[in-house]
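Q: My questions will all concern the structure given below.
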Amino acid sequence: MPTADEDRASRRLAWCVAHVLRHAPDHVVTDLMGRLDAPTRKYLCRDEWLSASTVTLLLRHGGEEDRQYVARNPHVVGRPLPGLPGPAKYAARPGPSPELLAQIGPGPFTTDELIALLRRHGRRLKIPLTLLRMPHAPLDTETLLAEHARDPLPPIAVEALLLAGGLPRPVGRALLDAGTQRTDGYRWYRPAVRAVRMGLLTCDELVAHVAPARRTLLLAQLPETRGLRWALPERAGMRTAVSRALRPLRDDPRLWAELLRRAPAFPGTLPVLVARIVRGTLPEPTDEPYVSGLAEAVRSLAPKAAEPVGGVERELALASLAVPMESVDEDIRWVRDCLARGLLTGEDIVRHKAPACWALDEDHWLGDVNHPDRHDWAAPVLAARAEADRLFALALGADPDAWWRVAVTLPDFAGTLPHLLLRVTEGGSVSGRS
Numbered sequence: 009m010p011t012a013d014e015d016r017a018s019r020r021l022a023w024c025v026a027h028v029l030r031h032a033p034d035h036v037v038t039d040l041m042g043r044l045d046a047p048t049r050k051y052l053c054r055d056e057w058l059s060a061s062t063v064t065l066l067l068r069h070g071g072e073e074d075r076q077y078v079a080r081n082p083h084v085v086g087r088p089l090p091g092l093p094g095p096a097k098y099a100a101r102p103g104p105s106p107e108l109l110a111q112i113g114p115g116p117f118t119t120d121e122l123i124a125l126l127r128r129h130g131r132r133l134k135i136p137l138t139l140l141r142m143p144h145a146p147l148d149t150e151t152l153l154a155e156h157a158r159d160p161l162p163p164i165a166v167e168a169l170l171l172a173g174g175l176p177r178p179v180g181r182a183l184l185d186a187g188t189q190r191t192d193g194y195r196w197y198r199p200a201v202r203a204v205r206m207g208l209l210t211c212d213e214l215v216a217h218v219a220p221a222r223r224t225l226l227l228a229q230l231p232e233t234r235g236l237r238w239a240l241p242e243r244a245g246m247r248t249a250v251s252r253a254l255r256p257l258r259d260d261p262r263l264w265a266e267l268l269r270r271a272p273a274f275p276g277t278l279p280v281l282v283a284r285i286v287r288g289t290l291p292e293p294t295d296e297p298y299v300s301g302l303a304e305a306v307r308s309l310a311p312k313a314a315e316p317v318g319g320v321e322r323e324l325a326l327a328s329l330a331v332p333m334e335s336v337d338e339d340i341r342w343v344r345d346c347l348a349r350g351l352l353t354g355e356d357i358v359r360h361k362a363p364a365c366w367a368l369d370e371d372h373w374l375g376d377v378n379h380p381d382r383h384d385w386a387a388p389v390l391a392a393r394a395e396a397d398r399l400f401a402l403a404l405g406a407d408p409d410a411w412w413r414v415a416v417t418l419p420d421f422a423g424t425l426p427h428l429l430l431r432v433t434e435g436g437s438v439s440g441r442s
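Residue numbers for the sequence shown follow our numbering, beginning at 9 and rising by one.
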């Protein structure tokens with residue numbers, strides 16, 4: 009049985025690993041999870057800072073014990089996830105109404121008939137879910153995909169198929185490809201959000217399979233609407249994945265301008281578009297349709313010039329980040345005040361706050377995750393995550409060994425995150441203490 013000190017060390021390492029995994033590509037996440045011992049892995053499954061993609065990979069590659077721990081984690085976004093214990097929320101819906109039965113009959117339906125009904129009743133989620141619970145022949149996935157390629161199904165129908173269709177993962181991925189569809193229908197983003205939330209895809213996989221490319225860019229900056237949409241941690245994870253796909257553009261303004269010009273009409277996925285922009289192999293588009301919100305989404309993802317440093321107050325605020333105050337509450341009040349007055353940004357906190365593990369944890373500088381005004385502080389959270397993404401990618405790339413060294417060093421490191429990354433990549437002492 010582990011001692012209290014060993015248990016505390018496992019819990020703290022799991023907390024730090026959870027923060028590091030939010031910024032790592034999927035293959036690094038899987039590798040790092042495989043290196044954890046049993047106690048640390050248990051605490052990782054129960055950690056409140058698990059990202060949606062990490063949960064998905066834990067369920068996909070972990071064992072039954074991992075699934076049970078994740079199932080008991082009250083902080084996992086979008087419960088219940090597939091295969092976890094809990095009420096069968098979507099299977100327990102009431103049967104078809106008499107009005108619906110009068111319109112479509114009792115069934116059973118062939119695959120072609122079911123697809124036609126999903127097209128006709130694809131406006132509200134309730135009816136497609138009801139249709140999928142009515143008697144019908146086993147879905148012919150080849151017919152389904154051929155019909156979707158010919159004329160994409162309504163987004164709500166795709167969402168219902170992901171939820172209740174019992175489709176294999178490759179088929180679910182293929183349904184997220186709207187191909188050459190030139191207009192985005194009513195709440196087109198719902199299947200993508202649902203795929204991440206139900207554990208079908210990670211954010212990286214979503215970026216690799218959603219088409220056309222403009223949709224992937226817009227998913228990083230969805231409008232604030234009622235209904236299903238990204239929670240703040242999911243939004244940050246999606247922006248991380250999209251930024252990773254855009255990394256080959258570097259900070260070349262010509263390539264970013266070309267992205268904005270080509271994205272509206274390009275029918276393929278975002279990684280393919282980026283690769284062809286970098287190689288310069290795209291033909292001239294015949295037309296460039298206007299896409300609402302696309303320019304704003306691209307600008308929010310593009311590299312930004314460093315803000316000029318000025319003012320004694322700002323210098324003092326930056327210096328204060330390295331000196332924690334007497335209590336966490338006092339520290340949070342001070343950082344919030346500096347953010348509200350424009351003296352600090354999310355990037356400043358990631359670069360200058362010590363220790364590095366506190367800089368990666370918004371609770372240590374913005375307050376409790378369930379704070380009632382948390383939605384008002386989305387900008388510094390997203391800025392901090394983006395800066396951490398940039399620093400990790402610049403220092404560690406896709407090397408799992410380097411990511412692991414950072415993860416195991418982080419719990420006891422007293423310096424800032426740039427300092428930690430510099431020490432780890434140089435291979436010198438990483439104590440962080442004089």
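Glycine is no exception: its CB is placed at the ideal position from the N, C-alpha and C atoms.
1) Using a threshold of 8 Å, state whether the C-beta atoms of SER251 and ALA22 are closer than that.
2) From this set, ALA17, ASP259, GLY319, which residue's C-alpha is nearest LYS312's C-alpha?
3) Give the C-beta separation of GLY235 and LEU208 to the nearest angstrom, bearing in mind that I take them to be a contact with Cβ-Cβ under 8 Å.
4) Could you check the C-alpha separation between ARG16 and PRO33 for me, to the nearest Å?
5) Can you tell me the Cα-Cα spacing of ARG243 and ALA265, whole angstroms?
6) Is SER442 buried or exposed, if buried means 16 or more other CB atoms sit within 10 Å of its CB?
7) To the nearest angstrom, how far is the alpha carbon of ASP371 from that of THR151?
8) What are the start and end residues of each continuous beta strand (DSSP E) run of 3 or more residues lying completely inside the stretch 287-343, in chain order?
9) Can you find the residues in the same chain that come closer than 7 Å, C-beta to C-beta, to GLU14, ignoring five residues on each side of it along the sequence?
10) I'd like to check one pair, LEU352 with ALA325: are the Cβ atoms closer than 8 Å?
11) Let me know the secondary structure DSSP gives ALA32 once reduced to three states.
12) What's the call for SER437, buried or exposed, on a 16-neighbour Cβ count within 10 Å?
13) How is the alpha helix (DSSP H) around GLU121 delimited, first residue to last?
14) Could you tell me which residues DSSP puts in a beta bridge with ALA219?
15) Classify ALA157 as buried or exposed, calling it buried when 16 or more other Cβ atoms lie within 10 Å of its own Cβ.
16) I need the DSSP call for HIS156, collapsed to helix, strand or coil.
17) Could you give the distance in angstroms between the alpha-carbon of PRO380 and the alpha-carbon of ASP159?
18) May I ask you to list the residues that DSSP assigns as paired with HIS144?
19) Can you list, in chain order, the residues of its chain with a C-beta nearer than 6 Å to that of TRP385? Leave out the 5 residues immediately preceding and following it.
20) Based on Cα-Cα distance, which residue from HIS27, MET206, ALA330 lies nearest to ARG177?
21) How would you write the range of the alpha helix (DSSP H) that MET246 sits in, first residue to last?
22) Taking only beta-carbon atoms, is ALA182 less than 8 Å away from chain D?
23) For ARG202, count neighbouring Cβ atoms within 10 angstroms of its own Cβ and tell me buried if that reaches 16, exposed if not.
24) Alpha carbon to alpha carbon, what distance is there between PRO47 and ARG223?
25) Do you know offhand how far ALA387's Cα is from LEU58's?
26) In terms of residues, what are the limits of the alpha helix (DSSP H) holding ALA391?
27) Out of THR118, MET333, GLU155, which has the shortest C-alpha to C-alpha gap to ALA182?
28) Suppose contacts are defined by Cβ-Cβ distances below 8 Å. Is PRO241 in contact with TRP196 by that definition?
29) Would DSSP call TYR194 helix, strand or coil?
30) Comparing C-alpha positions only, which one of PRO116, ASP45, GLY276 sits nearest to GLN189?
31) Let me know the secondary structure DSSP gives THR151 once reduced to three states.
32) I need the straight-line Cα distance from ARG382 to THR417, nearest angstrom please.
33) For LYS361, does the three-state DSSP call read helix, strand or coil?
34) What is the DSSP secondary structure of GLY180, counted as helix, strand or coil?
35) Does the distance from the C-beta atom of ALA200 to that of VAL218 stay below 8 Å?
A: Taking the geometry as given:
1) No, the pair does not count as a contact, with Cβ atoms beyond the cut-off.
2) For LYS312, the closest C-alpha among the options ALA17, ASP259, GLY319 is that of ASP259.
3) Actually they are not in contact, since the Cβ atoms of GLY235 and LEU208 sit about 19 Å apart, beyond 8 Å.
4) Their backbone Cα atoms lie some 28 Å apart in a straight line.
5) Taking the straight line joining both Cα atoms gives about 24 Å.
6) Unreliable placement is indicated for SER442, whose pLDDT of 30 sits below 50; no coordinate value is reported for it.
7) For ASP371 and THR151, the gap between their C-alpha atoms comes out near 49 Å.
8) The stretch 287-343 contains no whole beta strand (DSSP E) run of 3 or more residues.
9) Sequence-distant Cβ neighbours of GLU14 in its own chain, meaning closer than 7 Å and more than five residues away, do not exist here.
10) Yes, the pair counts as a contact, with Cβ atoms nearer than the cut-off.
11) When DSSP states are grouped into helix, strand and coil, ALA32 belongs to the coil group.
12) The predicted position of SER437 is uncertain, since its pLDDT is 44 and thus under 50; no value can be drawn from it.
13) In the DSSP assignment, GLU121 falls within the alpha helix (DSSP H) that extends over 119-128.
14) Among the bridge pairs identified by DSSP, ALA219 is matched with ASP185.
15) So ALA157 counts as exposed.
16) In the structure shown, the three-state DSSP call for HIS156 is helix.
17) Its pLDDT being 45, under 50, PRO380 is placed unreliably in this model, and the value from its coordinates should be taken loosely. C-alpha separation (whole angstroms): 43 Å.
18) Note: HIS144 is bridge-paired with PHE117 in the DSSP secondary-structure output.
19) So the list reads LEU374, once near-sequence residues are dropped.
20) Checked all of HIS27, MET206, ALA330; the closest Cα to ARG177 is MET206.
21) Element bounds for MET246: 240-254.
22) The question asks about chain D, but that chain is absent: this structure has only one protein chain.
23) Within a 10 Å sphere around the beta-carbon of ARG202 sit 16 or more other beta-carbons, which makes this residue buried.
24) Approximately 41 Å between the Cα atoms of the pair.
25) Per the coordinates, the alpha-carbon of ALA387 lies some 20 Å from the alpha-carbon of LEU58.
26) Looking at the DSSP string, the run of the alpha helix (DSSP H) that includes ALA391 is 386-404.
27) Of the listed residues, the one whose Cα sits closest to ALA182 is GLU155.
28) Annotated as distal: PRO241 and TRP196, with beta-carbon spacing of 8 Å or more.
29) Residue state, collapsed to three classes: coil.
30) Considering only alpha carbons, the answer is GLY276.
31) Helix at THR151.
32) Its pLDDT being 49, under 50, ARG382 is placed unreliably in this model, and the value from its coordinates should be taken loosely. Approximately 30 Å between the Cα atoms of the pair.
33) Reduced to three states, the DSSP call for LYS361 is coil.
34) DSSP places GLY180 in helix when its eight states are reduced to three.
35) Going by C-beta atoms, ALA200 is nearer than 8 Å to VAL218.
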